[in-house]
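Asker:
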Amino acid sequence: MSQAEGEVRAPQRRSRGRPKTAPDSARRRDIVAQALQIFRELGYARMTTDTVAARCQISKTTLYRLFPSKTALMAAVIESHIERMVDLPRDYDHLPLAQALDLIFLNEIDEEADRERFAFLQFLFLETAVNPELKEISEKFGRHAVLGRLTDWIDHQHTLGRIDVPDARDAASMLMDMVGGSIALTRDGQMQWPGSARRRAYVRECIRVFLGGVARRPTPASDAPQNGGVRSA
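With the numbering used here, you'll find the sequence shown wraps up at 295, consecutive numbering, no jumps.
1. Comparing alpha-carbon positions, which option in Ala115, Arg211, Gly105 lies nearest isoleucine 166?
2. Given this structure, state the Cα-to-Cα distance separating glycine 274 from leucine 157, to the nearest angstrom.
3. Quick one: Cα of phenylalanine 182 to Cα of leucine 237, how far?
4. Need the endpoints of the alpha helix (DSSP H) that leucine 165 sits in, please.
5. Using C-beta distances below 6 Å, list every residue in its chain close to threonine 113, excluding the 5 sequence neighbours before and after it, in chain order.
6. Just the Cα atoms here: how many angstroms apart are arginine 260 and glutamate 178?
7. Who are the near neighbours of arginine 278 in its chain, counting only those whose CB is closer than 8 Å to its CB and skipping five residues on each side?
8. Could I get the ranges of all uninterrupted alpha helix (DSSP H) runs contained in the segment 167-212, with 4 residues as the minimum, in chain order?
9. Please report the distance separating the alpha-carbon of threonine 133 from that of isoleucine 199.
10. Please return the same chain residues whose Cβ sits closer than 8 Å to the Cβ of methionine 299, not counting the five positions on each side in sequence.
11. Out of Ala95, Ala138, Ile216, which one is the CA nearest neighbour of lysine 202?
12. Should the segment 187-195 be called in touch with the segment 100-110, which here means at least 3 C-beta pairs below 8 Å?
13. Please classify glutamine 254: does DSSP put it in a helix, a strand, or coil?
14. Tell me the DSSP bridge mates of isoleucine 225?
15. Within 10 Å of its beta-carbon, does glycine 204 have 16 or more other beta-carbons around it, so buried, or fewer, so exposed?
16. Using a 10 Å radius around the Cβ and a threshold of 16 neighbouring Cβ atoms, would you call aspartate 176 buried or exposed?
17. Could you tell me the distance, in whole angstroms, from the CA atom of histidine 143 to the CA atom of proline 228?
18. State yes or no: is the C-beta of alanine 230 within less than 8 Å of the C-beta of histidine 220?
19. Would you mind stating whether tyrosine 106 and methionine 147 have Cβ atoms separated by less than 8 Å?
20. Can you grab the Cα-Cα spacing for the pair tryptophan 255 / aspartate 86, in whole Å?
21. Using the C-alpha atoms, what's the distance from glutamine 184 back to valine 276?
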């Protein structure tokens, strides 16, 4: 018998401890997705951390480690929806302003995604009307967050000399209000779906009007000052 044949291999060691779990980033995404579903099913008042933890099959200790409160969890749900509202931050400097804004407002998403975006906004609108706490969360992590991203983009374009505005935040707020009008309210205060084609056309008209008022125009040669800055008589 050779030495190799006579050797007794040591048994392989089993790894100790529990199997590896999903990283926190992946777990957070799953929790937010489940919380969004529960929010749509039950509403904000009936959405509890107990329900979310049970749906995700995790302990409340794990849930609270990633989201310290129901407020933090709902804030994350609203923040995740921002990606469906504006595609910022992103580099659009190589594009004409109108095309850049069309992409920023995700104006070409498909019909199904467009309807889903509207459905979430509609439900959030109804829920904030009866939940002051949710209204505050929505303002802070929804509208104000979108406004901040759009303000940064307009300020950057102003720095590049492509847009001339006295205050980037005011301009961003005006543009948001204009585009937000693509989803009209009925007389009883309900949000009304205009259809994707109508919404796209409305948003593009908003962009055209907005840029028509702020886009920097070159000075025509005939209007340029003559004789060292003094116009001829």
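Quick reminder that beta carbons are idealized off the backbone N, C-alpha and C, glycines included.
Answerer: According to the data block:
1. Arg211
2. 17 Å
3. 21 Å
4. 159-166
5. Ile100
6. 16 Å
7. Gly223, Arg224, Ile225, Asp226
8. 173-192, 194-200
9. 7 Å
10. Because the chain spans 63 through 295 in this model, residue 299 falls outside it and cannot be assessed.
11. Ala138
12. yes
13. strand
14. Ala277
15. buried
16. buried
17. 30 Å
18. yes
19. no
20. 37 Å
21. 31 Å
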